[in-house]
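For the sequence shown, my numbering gives the first residue as 16, with consecutive numbering after it.
The structure under discussion appears below in the form of structure tokens.
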Amino acid sequence: MYTFVCLLRGINVSGQKKIRMQELREICESIGLDNVSSYLQSGNLVFDSSDAEAQSVASSIELGIREHFGFNVPTIIRSKEEFAEVVAINPMVGKDGIDESKLAVVFLSKRPSPADLGRTEAEHSGPDRFASAGRHIYLHCPGGFGRTKLSNNFFEKRLRIVATSRNWRTVKALFDMLMQR
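What follows is the structure, encoded as structure tokens:
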């Protein structure tokens with residue numbers, strides 16, 4: 016069995032794409048996923064699968080949601096090992112002047128092109144900072160996430176890929192769930 020974290024993009028936000036976590040867990044179990052656990056109401060799952068291919072699992076979850084609810088939800092999956100690396104290499108944790116309550120990770124559907132990433136880095140200014148590492152962007156937003164221009168939409172538009180963000184507290188909670196397996 017392989018253990019994964021699933022991050023859904025844009026559910027239960029401002030009354031849009033409402034999905035109860037119990038229904039989501041049931042959908043996942045119906046497609047053969049085991050030990051499905053959810054965290055919060057924003058589409059965070061930890062589960063086991065006999066399928067080692069993350070993209071195959073993501074496609075199955077997306078199809079299950081589409082068939083059950085009638086709408087599309089972008090789904091980003093990381094293996095237990097990949098997620099552990101996300102936590103381990105965060106370049107902002109422990110740095111002077113960094114408040115961990117103002118950290119987040121943007122999970123990308125794929126690695127951005129160097130050209131798109133370079134343009135994005137060049138055009139950004141302001142107190143908010145980000146650092147990219149493969150399919151992840153680490154954010155520090157000292158004024159809060161509600162005030163930053165570095166939103167999912169910002170990165171999706173500039174990098175031309177799907178993105179979903181989780182604050183550092185949620186990332187650590189999901190990591191703890193993974194490590195208990």
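The beta-carbon is built from N, C-alpha and C at its ideal position, and this holds for glycine as well.
Quick test of your reading: residue i and residue j, contact by CB under 8 Å. State the CB separation rounded to the nearest angstrom.
i: residue 151; j: residue 120; result: 6 Å
Measuring alpha carbon to alpha carbon, tell me which residue in the options is nearest residue i.
i: residue 73; options: 47, 146 and 153; result: 47
i: residue 68; options: 53, 56 and 93; result: 93
i: residue 97; options: 179, 21, 182 and 178; result: 21
i: residue 123; options: 87, 179 and 56; result: 179
i: residue 41; options: 31, 62 and 25; result: 62
i: residue 128; options: 45, 75 and 147; result: 147
i: residue 175; options: 191, 132, 55 and 190; result: 132
i: residue 107; options: 183, 19, 165 and 35; result: 183
i: residue 83; options: 181, 37 and 188; result: 37
Taking CB distances under 8 Å as the criterion, tell me whether residue i reaches chain B.
i: residue 23; result: The structure shown contains no chain B, having only a single protein chain.
Where residue i and residue j are concerned, what is the direct C-alpha to C-alpha distance, given to the nearest angstrom?
i: residue 110; j: residue 185; result: 20 Å
i: residue 149; j: residue 126; result: 5 Å
i: residue 135; j: residue 153; result: 14 Å
i: residue 168; j: residue 196; result: 33 Å
i: residue 140; j: residue 45; result: 46 Å
i: residue 130; j: residue 143; result: 21 Å
In three-state DSSP terms, what is residue i?
i: residue 191; result: helix
i: residue 186; result: helix
i: residue 67; result: coil
i: residue 105; result: coil
i: residue 49; result: strand
i: residue 62; result: strand
For residue i, write down the residues that DSSP places opposite it in a beta bridge.
i: residue 90; result: 23
i: residue 145; result: 154
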